[in-house]
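In what follows, a structure is listed as structure tokens, so that the remarks can point back to it.
Numbering (our numbering), first residue to last: 11 to 178.
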């Protein structure tokens, strides 16, 4: 079966600082290896990690939703129950398809190259990446929770969905 690896590094807040209690969107450099292909992008890693967690149970079709490695992810829209969040950013980023096929996933790049990866191996790699993003948050000062109810609900729903999808 195929290869899927994802590495994040140089995590920082938008100011470039390693800590910023006001900024809730973490950025960094991500390199993804899918078979022999390597894609790299400086992105909003907090949104990327949540999008990848979603692909553990849902198909993601290239260019039909947000990019898996989005440039931006600054606008968080909560559902009424604060269980799910829609993240809105700009149109820039890197994307590929993730299609569930029994006990594996098919990862399909924009140029049509495809790699089949065991679902359990894919899950472990997504969890490892998401855990590295969460560890960075935990190592920083606590975030200042927005007073505005819309912004507060978006941030709350982000972490509620994260924990549910991560199984915490």
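Glycine included, C-beta positions come from ideal geometry on N, C-alpha and C.
Status (buried if at least 16 other CB within 10 Å, exposed otherwise) for residue 149
As a first step, residue 149 must be located in the chain shown, where it is residue number 139. Residue 149 sits exposed, since fewer than 16 C-beta atoms from the chains shown fall within 10 Å of its C-beta.
Cβ-based neighbour list, residue 95, same chain, cut-off 7 Å, excluding 5 preceding and 5 following:
Position 85 of the chain shown, counted from the start, is the residue given in the question as residue 95. Taken in chain order, the residues that qualify are 86, 87, 88, 164, 167, 168, 171.
Am I right that residue 129 and residue 44 are in contact with their C-beta atoms under 8 Å? What's the rounded C-beta distance?
Position 119 of the chain shown, counting from 1, holds the residue named residue 129. Position 34 of the chain shown, counting from 1, holds the residue named residue 44. Going by Cβ atoms, the distance from residue 129 to residue 44 rounds to 15 Å, so no, they are not a contact pair.
Within its chain, find whatever has a CB closer than 7 Å to the CB of residue 100; leave out the 5 residues flanking it on each side and keep chain order.
Along the chain shown, one-based indexing puts residue 100 at 90. 81, 82, listed in sequence order.
Assumed close pair residue 37, residue 55 - CB separation to whole angstroms, cut-off 8 Å:
As a working mapping, residue 37 is identified with position 27 in the chain shown. As a working mapping, residue 55 is identified with position 45 in the chain shown. That belief holds up - the Cβ atoms of residue 37 and residue 55 are roughly 6 Å apart, short of 8 Å.
Residue ranges of each alpha helix (DSSP H) run of no fewer than 4 residues wholly in the segment 47-107, ordered along the chain?
Counting only runs of 4 or more residues that sit fully inside the segment 47-107, the alpha helix (DSSP H) segments are 55-64, in chain order.
Could you pull out every residue in the same chain whose Cβ sits closer than 6 Å to the Cβ of residue 79, ignoring the five residues on either side in sequence?
By one-based count along the chain shown, residue 79 stands at place 69. Answer for residue 79: 40, 51, 53, 58, 103, 104, listed in chain order.
In whole angstroms, give me the CA-to-CA distance for residue 121 and residue 65.
Indexing the chain shown from 1 puts residue 121 at position 111. Indexing the chain shown from 1 puts residue 65 at position 55. So the two alpha carbons sit approximately 20 Å from each other.
CA-to-CA distance, residue 29 to residue 124, given in whole angstroms
By 1-based counting over the chain shown, the position of residue 124 is 114. By 1-based counting over the chain shown, the position of residue 29 is 19. Distance between the alpha carbons of residue 124 and residue 29: 38 Å.
Quick one: what's got a C-beta closer than 7 Å to residue 31's C-beta in the same chain, skipping five residues either side?
The residue given as residue 31 occupies position 21 in the chain shown. Around residue 31: 151, 152, 153, 154.
Taking Cβ to Cβ, would you say residue 174 is nearer than 8 Å to residue 68?
Position 164 of the chain shown, counted from the first residue, corresponds to residue 174. Position 58 of the chain shown, counted from the first residue, corresponds to residue 68. In this structure, the beta-carbon distance from residue 174 to residue 68 does not fall below 8 Å.
Spatial neighbours of residue 22 within its chain, please: C-beta separation below 8 Å, excluding the five flanking residues on both sides.
Within the chain shown, the letter at position 12 stands for residue 22. Only 28, 36, 37, 38 meet the Cβ criterion.
Assuming contact is defined by CB atoms lying nearer than 8 Å, are residue 140 and residue 24 in contact in what I supplied?
Locating residue 140 in the chain shown gives position 130, where the first residue counts as 1. Locating residue 24 in the chain shown gives position 14, where the first residue counts as 1. With respect to residue 24, residue 140 sits apart: the two C-beta atoms are not nearer than 8 Å.
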